[in-house]
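Notes follow the structure.
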């Protein structure tokens with residue numbers, strides 16, 4: 047260890063060492079986790095029905111549930127999962143630059159559907175953040191920066207904004223939920239907007255999600271309804287998610303049909 051007995055020279059050495067360490071820390075690559083941590087709080091023998099039986103047909107956003115019904119994420123982090131396949135938007139931007147509007151809308155549609163990719167095996171709800179709480183994500187290797195904030199408590203509304211390579215994505219997230227005894231229905235009311243640097247923009251809203259077999263059977267979720275992706279130029283798109291039958295013993299998510307065509311004039 048070097049003794050500090052040399053006046054200004056030693057102070058300069060310490061300052062230089064501190065700057066070098068700070069620079070090395072800032073330039074070091076961040077470690078990304080590949081999976082969620084194992085829950086510390088294990089599920090206990092508590093009947094879900096005994097807690098929510100008096101709330102059939104009501105909004106469950108105000109019902110307090112045990113912590114093990116949550117996954118170790120906040121709703122703000124959950125918003126960022128919609129950008130997991132952001133490279134699809136990079137390709138959509140490049141297609142537009144080449145004048146290929148058809149491929150651009152196809153990539154945009156694929157991106158809109160990709161937000162449901164990890165929902166099949168994750169029926170738990172994220173934690174409710176505090177009013178004014180924020181979440182930031184910076185992925186230089188993917189060229190995206192993301193910011194989200196809880197802007198309203200009742201109703202609970204999250205707003206987000208993301209910038210990528212030639213595009214911007216923003217929106218708000220608000221859910222209306224109802225409990226029907228054996229299932230929970232989640233109806234999104236927010237609007238998502240995607241705008242490319244060349245001025246072309248698209249808007250859409252998410253479809254209804256239903257979580258089934260809450261009391262008896264294997265818990266699973268499926269998405270159903272129509273997603274309208276409206277463009278401000280030549281193309282728009284309509285995606286129909288198939289609603290599953292009660293007789294289906296092997297529930298799986300299916301996209302029933304996709305319609306694409308010129309933008310409808312008012």
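Residue numbers (our numbering): 47 to 312. Where a beta carbon is used, it is the ideal one built from N, C-alpha and C, also for glycine. Predicted model only: the values in this text are computed from it and were never measured.
Where residue 119 is concerned, there is no enclosing alpha helix (DSSP H), although the beta strand (DSSP E) around it starts and stops at 116-120. The way I'd put it, the region 223-234 doesn't touch the region 139-157; fewer than three beta-carbon pairs between them come closer than 8 Å. Distances from the alpha-carbon of residue 203 to those of 211, 194 and 210 put 194 closest. For residue 199, the secondary structure class from DSSP, reduced to helix, strand or coil, is coil. Distance from the CA of residue 158 to the CA of residue 261, rounded to the nearest whole angstrom, comes to 31 Å. For residue 262, the secondary structure class from DSSP, reduced to helix, strand or coil, is coil. Counting along the chain, residue 136 sits inside the alpha helix (DSSP H) bounded by residues 133-143. For residue 286, the closest of 263, 279 and 251 by C-alpha to C-alpha distance is 251.
Within the same chain, 196 come within 8 Å of residue 176 by CB-CB distance, once the 5 residues on both sides are set aside.
As the crow flies, the alpha-carbon of residue 257 is around 11 Å from that of residue 270. If the five residues before and after residue 247 are omitted, its C-beta is found closer than 6 Å to the C-beta atoms of 241 and 278, all from its own chain and listed in chain order.
Shown here, residue 124 sits in a helix according to DSSP, grouped into three states. Residue pairing for residue 185: DSSP places it in a beta bridge opposite 190. At least 8 Å separates the beta-carbon of residue 134 from that of residue 164. Under the criterion of beta carbons closer than 8 Å, residue 219 and residue 172 do not qualify as touching, at roughly 11 Å.
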